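> Input: one structure, supplied below.
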Amino acid sequence: MKRSRRLCILAFMAIIFLIFITSSTTSVEAKKHSVKKSKPHKSKHQKDKKGNPSPDSSSAPAAPLPNYPTGSKIFDILSFGAKGDGVSDDSKALEAAWKAACKVPGATLEIPSEFKFLIMPITLQGPCMPHLVFQIDGALLAPPKVSSWAKFSLFQWINFKWVHNFTIQGTGFVDGQASEWWTPSDDIYYIQKKSKHIPSWKPTALRFYSSYNVTVQDIKILNSPQCHLKFDNSGGITVNNITISSPESSPNTDGIHLQNTRDVEIQHSNIACGDDCVSIQTGCSNVHIHHINCGPGHGISLGSLGKDKTVACVSDIVVEKISLLNTMAGVRIKTWQGGVGSVKNVSFSNIQVSDVKVPIIIDQYYCDKSVCKNQTGAVAISGVTYDQIIGTYTAQPVHLACSNAIPCTDVDLTNIQLKPSSGYGGLGQALCLNSYGKSLAPLLPSGIDSCLRRDGGAVKRIARSREHVCF
Ligand SMILES: *[C@@H]1O[C@H](CO)[C@@H](O)[C@H](O)[C@H]1NC(C)=O
Ligand SMILES: *[C@@H]1O[C@H](CO)[C@@H](O)[C@H](O)[C@H]1NC(C)=O
Ligand SMILES: *[C@@H]1O[C@H](CO)[C@@H](O)[C@H](O)[C@H]1NC(C)=O
Ligand SMILES: *[C@@H]1O[C@H](CO)[C@@H](O)[C@H](O)[C@H]1NC(C)=O
Ligand SMILES: *[C@@H]1O[C@H](CO)[C@@H](O)[C@H](O)[C@H]1NC(C)=O
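According to mature numbering (1 follows the signal peptide of the UniProt record, and there is no 0), the stretch in the sequence shown is residues -30 to -1, 1 to 441, in order.
In structure tokens form, the structure reads like this:
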């Protein structure tokens, strides 16, 4: 009797002690991050993504994590002083939340729904502990005034650098609020006049630099000043179920841009913007793009490659099960005259086109001025297959303009069925210049079957002699 009462008292004291410890740690944290009264989110903090209570400190291994309460792996931007009103600058809060989450394996940085966070150009830098999730359920907004972008910040808005095993997901969106960038105002003029060092490009919305094993899924990316989602010097990339949208009239707004990036899968997404839906630049290989709705915009592009006699290497690209609506090009490879290197092993298949100006394009005379100087060199193009390209066009069905010096080889056209859109009679014929390969019926319009030249061994040797720079 006496003994059990003593045990009871001991247990009671232990509980009081535990409560004291817990509350004092919390208050220290509260001071440190000047926690806002965000009660509705509090309960969410304590749960993991499946809605189970998160493990408390006793079940977690005793890893010392001095700057954050053990147990919670959810780092809500509101707990780091963010206002979330869409007007106050919440960049510091995002940076603090990132730094805290970055230290904890399997952490989630939460952008809560029903809040909007104005974020100035920022770099969120790794390396972080693995399996960090950036959960965007609310909105991230870029500064709407061009004049509020510092001139050193024009490369991108949100820059993820050196992140590995990282995921962005959520039902929310990031909005570049870029309308002022698209209609040049006094602000842009002012910036350009003040400094000769301003590059002519405009910021990319989300950029990943030197990052591996990254997944971007479910979110929406809207109204970027220029490119919406860019990966460079990266690898192991998955993009899934995202929406990219900006007005058709917005100049140079690419959807997804890849450069120097390998092992990429882009799937189940909708992309509508003013420029290329997906743009694949030099240094890319093993890229698989499928189940994409693209348009309006410029279609899916490899290039432009080889500008100013530079080396370009692109290989092992698969683009399949794509639907293009009201785009300028369908699937396109574009290179500048005078370039070096190669594009090889590219497959375009099961492409549905509707009211696309020119569904199939290879342009080795790409030029952004009215006239470009003729050059003898070219990025060699070989092993490009087109299979099941079906639908309607508004200008020309096929336009293969390959280099005089280095013709395109192993270009194969199989099951091409292209009809003029209704109301577009008497259109241009298929063009194949310096293009070698074979074609296989059905081929519509019928001119396509005699368009390609049968491949000659000598031509292939010329093309192969150019590939070595890429290995
Ligand atoms: C990324 O995750 C994979 C699989 O869980 C693991 O093998 C790898 O070591 C991780 N890489 C880093 C840099 O944490
Ligand atoms: C990427 O993921 C793969 C498979 O999970 C793993 O083997 C590799 O180490 C990871 N790479 C990095 C840089 O984390
Ligand atoms: C795609 O993302 C949306 C949020 O934007 C989400 O509601 C939906 O469940 C996702 N679909 C799949 C198949 O994951
Ligand atoms: C062509 O690319 C595909 C997809 O990346 C790859 O599976 C295949 O092995 C490549 N073929 C050659 C001959 O390199
Ligand atoms: C370039 O070459 C083409 C065809 O060989 C020719 O028609 C054109 O006039 C040349 N352009 C210039 C700028 O010399």
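Where is the CB? At the ideal position from N, CA and C, for every residue including glycine. No experiment lies behind these values; they were computed from the predicted model shown.
At the level of alpha carbons, what is the spacing between R434 and I351?
Locating residue 434 in the sequence shown gives position 464, where the first residue counts as 1. Locating residue 351 in the sequence shown gives position 381, where the first residue counts as 1. Rounded to whole angstroms, R434 to I351 spans 9 Å at the Cα level.
> Could you give the distance in angstroms between the alpha-carbon of D245 and the alpha-carbon of L401?
Walking along the sequence shown from the start, residue 245 turns up at place 275. Walking along the sequence shown from the start, residue 401 turns up at place 431. So the alpha carbons of these two residues sit roughly 24 Å apart.
> Label K304 either buried or exposed according to how many other C-beta atoms from any shown protein chain fall within 10 Å of its C-beta, with 16 as the threshold for buried.
The residue given as residue 304 occupies position 334 in the sequence shown. When all chains shown are included, K304 counts as buried.
> Can you tell me the Cα-Cα spacing of P329 and G361, whole angstroms?
As a working note, residue 329 is residue 359 in the sequence shown. As a working note, residue 361 is residue 391 in the sequence shown. Their backbone Cα atoms lie some 9 Å apart in a straight line.
> Quick check on N404: buried or exposed, where buried means 16 or more other Cβ atoms within 10 Å of its Cβ?
Position 434 of the sequence shown, counted from the first residue, corresponds to residue 404. Result: buried.
> Which stretch, first to last residue, makes up the beta strand (DSSP E) that contains S285?
What you label residue 285 is simply residue 315 of the sequence shown in a count that begins at 1. It spans 281 to 295 - the beta strand (DSSP E) in which S285 sits, taken as one unbroken run.
> Do the CB positions of G308 and Q345 come within less than 9 Å of each other?
Your numbering for residue 308 matches position 338 in the sequence shown. Your numbering for residue 345 matches position 375 in the sequence shown. For G308 and Q345, yes; Cβs fall inside 9 Å.
> Is there contact between the region 229 to 241 and the region 253 to 263, where contact requires at least three CB pairs shorter than 8 Å?
Cβ pair count under 8 Å is three or more, so yes.
> State the Cα-Cα distance for the pair N129 and K339, rounded to the nearest angstrom.
Translated into the one-based positions of the sequence shown, residue 129 becomes position 159. Translated into the one-based positions of the sequence shown, residue 339 becomes position 369. The straight-line gap from Cα to Cα measures roughly 31 Å.
> Drop a sphere of 10 angstroms on the beta-carbon of H438, count the other beta-carbons inside from all chains shown, and report buried for 16 or more, exposed for fewer.
In the sequence shown, counting from the first residue as 1, residue 438 sits at position 468. H438 comes out exposed.
> Residues in its own chain within less than 6 Å of S409 by CB, not counting five upstream and five downstream?
Taking the first residue of the sequence shown as position 1, residue 409 is located at position 439. Same-chain partners within the cutoff: L383, D419, L422.
> Does the separation of the CB atoms of T185 and T208 fall below 9 Å?
As a position in the sequence shown, residue 185 is number 215, starting the count at 1. As a position in the sequence shown, residue 208 is number 238, starting the count at 1. It is a contact, given that the beta carbons lie within the stated cut-off.
> Give the single residue among Y394, C372, L414 whose Cα lies nearest to the Cα of V429.
Walking along the sequence shown from the start, residue 429 turns up at place 459. Residue C372 is the option with its Cα nearest to V429.
> May I ask whether a heavy atom of ligand 4 can be found less than 8 Å away from the beta carbon of V288?
In the sequence shown, counting from the first residue as 1, residue 288 sits at position 318. It does: the Cβ of V288 is within 8 Å (strictly closer) of some heavy atom of ligand 4.
> K277 and G347 look like a contact to me (Cβ under 8 Å); what is the Cβ gap, rounded to whole Å?
Residue mapping note: residue 277 aligns to position 307 of the sequence shown, counting from 1. Residue mapping note: residue 347 aligns to position 377 of the sequence shown, counting from 1. With 8 Å as the limit, K277 and G347 do not qualify as a contact, their Cβ atoms being about 12 Å apart.
> Any heavy atom of ligand 2 inside 8 Å of the beta-carbon of H101?
Within the sequence shown, residue 101 is the residue found at index 131, counting from 1. Checking the Cβ of H101 against ligand 2 gives no.
> Determine, using beta carbons only, whether W151 and Q196 come nearer to each other than 9 Å.
Working through the sequence shown from its first residue, we reach residue 151 at position 181. Working through the sequence shown from its first residue, we reach residue 196 at position 226. Yes. Within cutoff.
> With distances taken from CA atoms, which of S416, S42, G76, L94 is nearest A66?
For this step, residue 66 is matched to residue 96 along the sequence shown. With distances taken between Cα atoms, A66 lies closest to L94.
> Taking Cβ to Cβ, would you say T311 is nearer than 9 Å to V281?
For the purposes of this step, residue 311 is taken as residue 341 along the sequence shown, with counting starting at 1. For the purposes of this step, residue 281 is taken as residue 311 along the sequence shown, with counting starting at 1. Looking at the sequence provided, one finds Gly at residue 311 rather than Thr. Cβ distance < 9 Å, so G311 and V281 count as in contact.
> Can you tell which of V144, T355, V289 has its C-alpha closest to the C-alpha of Q105?
What you label residue 105 is simply residue 135 of the sequence shown in a count that begins at 1. The shortest C-alpha separation from Q105 is found at V144.
> Express the C-alpha separation of S249 and S271 in angstroms, rounding to a whole number.
Numbered from its first residue, the sequence shown carries residue 271 at position 301. Numbered from its first residue, the sequence shown carries residue 249 at position 279. Roughly 5 Å between the two C-alpha positions.
> Exposed or buried, which one is N135 when buried takes at least 16 other CB atoms within 10 Å?
Looking up residue 135 in the sequence shown gives position 165. Buried.
> Please classify R302: is it buried, with 16 or more other beta-carbons within 10 angstroms of its beta-carbon, or exposed?
Translated into the one-based positions of the sequence shown, residue 302 becomes position 332. R302 comes out buried.
> Just mark R431 as buried or exposed, buried being the case when its beta carbon has 16 or more other beta carbons within 10 Å.
The count along the sequence shown starts at 1 and reaches residue 431 at position 461. Looking at its Cβ environment, which holds fewer than 16 other Cβ atoms inside 10 Å, R431 is exposed.
> Round the Cβ separation of S285 and K327 to the nearest angstrom and send it over; I've been treating them as touching at under 8 Å.
As a working mapping, residue 285 is identified with position 315 in the sequence shown. As a working mapping, residue 327 is identified with position 357 in the sequence shown. Contact flag wrong, Cβ pair sits at about 27 Å.
> Starting from the N-terminal side, write out each stretch of the beta strand (DSSP E) that is 3 residues or longer and does not extend beyond the region 42 to 105.
Qualifying beta strand (DSSP E) stretches, in chain order: 44 to 46, 55 to 59, 78 to 81, 86 to 88, 92 to 95.
> Residues bridged to L397 by DSSP?
Translated into the one-based positions of the sequence shown, residue 397 becomes position 427. According to DSSP, which records beta bridges pairwise, L397 is partnered with nothing at all.
> Bridge partners of F178, per DSSP?
Here residue 178 refers to the residue found at position 208 of the sequence shown. DSSP lists F130, F201 as partners of F178.
> Any chance the CB of N210 is under 8 Å from a heavy atom of ligand 2?
The residue you call residue 210 lines up with position 240 of the sequence shown. Incorrect: N210 has no Cβ contact closer than 8 Å to ligand 2.
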